[in-house]
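Below you'll find the structure, written out as C-alpha cells, and then a few comments.
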Amino acid sequence: MTKTTTSLQLDDISISVIRSKKRKTMALQIRDDQVLLRIPARLPMALANRFIQEKKHWIQQTLANKTPSEKKQFTNGELFRFLDQKLPLNIIFAKRNKVYLENQTLIVETKVSEPSYLQLSKWITNWYRQQADEYLADRFALISKQLDFSPRSLTIKSYKARWGSCAINGAIQLNWKLIMAPVDIIDYVIIHELCHLQHHNHSSQFWGLVTHFYPDYQQARTWLKKHGHTLTID
Ligand SMILES: [Zn+2]
Numbered sequence: 013m014t015k016t017t018t019s020l021q022l023d024d025i026s027i028s029v030i031r032s033k034k035r036k037t038m039a040l041q042i043r044d045d046q047v048l049l050r051i052p053a054r055l056p057m058a059l060a061n062r063f064i065q066e067k068k069h070w071i072q073q074t075l076a077n078k079t080p081s082e083k084k085q086f087t088n089g090e091l092f093r094f095l096d097q098k099l100p101l102n103i104i105f106a107k108r109n110k111v112y113l114e115n116q117t118l119i120v121e122t123k124v125s126e127p128s129y130l131q132l133s134k135w136i137t138n139w140y141r142q143q144a145d146e147y148l149a150d151r152f153a154l155i156s157k158q159l160d161f162s163p164r165s166l167t168i169k170s171y172k173a174r175w176g177s178c179a180i181n182g183a184i185q186l187n188w189k190l191i192m193a194p195v196d197i198i199d200y201v202i203i204h205e206l207c208h209l210q211h212h213n214h215s216s217q218f219w220g221l222v223t224h225f226y227p228d229y230q231q232a233r234t235w236l237k238k239h240g241h242t243l244t245i246d
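The opening position of the sequence shown corresponds to residue 13 in our numbering, with each subsequent residue numbered one higher.
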C-alpha cells in the first residue's frame, strides 16, 4: 500500500491526512467542504500539524466562503431562508402530503416514510414558488402604485443568474428565488426593474432614478452579490 489516511483536528475542523510514498511536499486541498492534507509518507506528524496551523486562516476562510453555497441536505433543523426569516425544516411522517409554514418553522408533512432528496426538493420548491407568486405579485403591485409606475405585466419565473428583467414593451419579470431574500432586497429589485421602464439601460440617469426611490441601493446590490448564490433550493 502506498497511501494511508489518518486525520488531524484543527479546532472543530477535521482534516484527512493522506500519506503517499510518491509525494515530496505537503499540499492542502478543500474539496466539497472536506479538508485534505497530502504529505510524504515519512513526514513527522508534528510538521503536518504545524503546517495546518500556519494555514489555519486560509482553511477557515475557504470553508466559510463555501458553506453558504453548500447543497441543501433536507434534514430536520436545517435552515431555509424565507423573506426576513430563516426557517428550520421539520419533516413529519403523516397521513397527507403538505408543505406549510407554522410557528416560524417550515413543515413538510409526508405519507412517504423516507422521502428522497428529489421528492423533498420538488415539494419545497413548489411551496416556495407558490409563496413567490403571491408575495412578489402583491409587493410589485403595491410599489408600482406607490411610485406611480405603470408596468405592462409581471411574470414570475425561474432564472439561473439574474433577479429580474424589464422588456422594452414594459413587461417585467422577477425570479421566484427572490422570495428567499429579505424584504428590503426584494423591494430593491422591484424598484430597479420599474426604473428600467424609464431608462432601458444602466446609465447614470437610471441609477439617479433608483437612488431617488431607494437611496441605499448600493447596500442591496452588495447583499445580492454576497448572498445571491444562497437563494436556492438545490
Ligand atoms: Zn438593470
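The beta carbon of each residue, even a glycine, is placed where N, CA and C say it ideally should be.
Taking C-beta atoms as the reference points, Ala179 and Leu166 fail to come closer than 9 Å. Non-local beta-carbon contacts of Leu91 in its own chain, meaning distances under 8 Å to residues more than five positions away in sequence, involve Lys98, Leu99, Pro100 and Leu101 in chain order.
Between the region 142–158 and the region 195–203 there are three or more C-beta pairs closer than 8 Å, enough to call the two in contact. The beta carbon of Lys107 sits closer than 6 Å to no other beta carbon from its chain once the five residues preceding and following it are set aside.
Ligand 1 never approaches His224 closely enough for any of its heavy atoms to be under 8 Å from the residue's Cβ. The C-beta distance from Pro163 to Ser156 rounds to 6 Å, short enough to fall under 8 Å. Listed in chain order, the non-local C-beta contacts of Ser133 below 8 Å within the same chain comprise Lys84, Phe86, Ile245 and Asp246, local neighbours out to five positions each way being set aside. For Gln116, no alpha helix (DSSP H) run applies, since DSSP gives it neither H nor E. Inter-residue distance for Thr137 and Leu130 is about 10 Å (C-alpha atoms, whole angstroms). Straight-line measurement puts the Cα of Trp135 at about 11 Å from the Cα of Ser128. In this structure, the beta-carbon distance from Glu205 to Gly240 does not fall below 9 Å. In this structure the region 46–53 does not lie against the region 202–221, because fewer than three pairs of beta carbons, one per stretch, are closer than 8 Å. For Gly89, the three-state secondary structure derived from DSSP is coil. Within the same chain, and ignoring the five residues on either side of Asn109 in sequence, the residues whose Cβ sits closer than 8 Å to its Cβ are Glu121, Thr122, Lys123, Val124 and Trp135. Within the chosen limit of 8 Å, ligand 1 does not reach the beta carbon of Glu126 with any heavy atom.
Scanning the region 137–220 for uninterrupted alpha helix (DSSP H) segments of 4 residues or longer gives 195–207, listed from N- to C-terminal end. In this structure, Phe94 lies away from Gln41, with their beta-carbon atoms at least 9 Å apart. In the DSSP assignment, Lys238 falls within the unbroken alpha helix (DSSP H) covering Tyr229 to His239. Across the structure, Asp199 and Ser28 are spaced so that their CA atoms are roughly 45 Å apart. Inter-residue distance for Asp160 and Phe225 is about 11 Å (C-alpha atoms, whole angstroms). Note that the C-beta distance between Ala53 and Thr16 is below 9 Å. With a cut-off of 8 Å, the C-beta of Glu90 is classified as distant from ligand 1, since no heavy atom of the ligand falls inside that distance. Here Asn77 carries a helix assignment [DSSP, helix/strand/coil].
Nearest C-alpha to Trp235 among Leu190, Arg62, Phe218 and Thr18: Leu190.
Taking C-alpha positions only, Gly220 is separated from Ile25 by approximately 47 Å.
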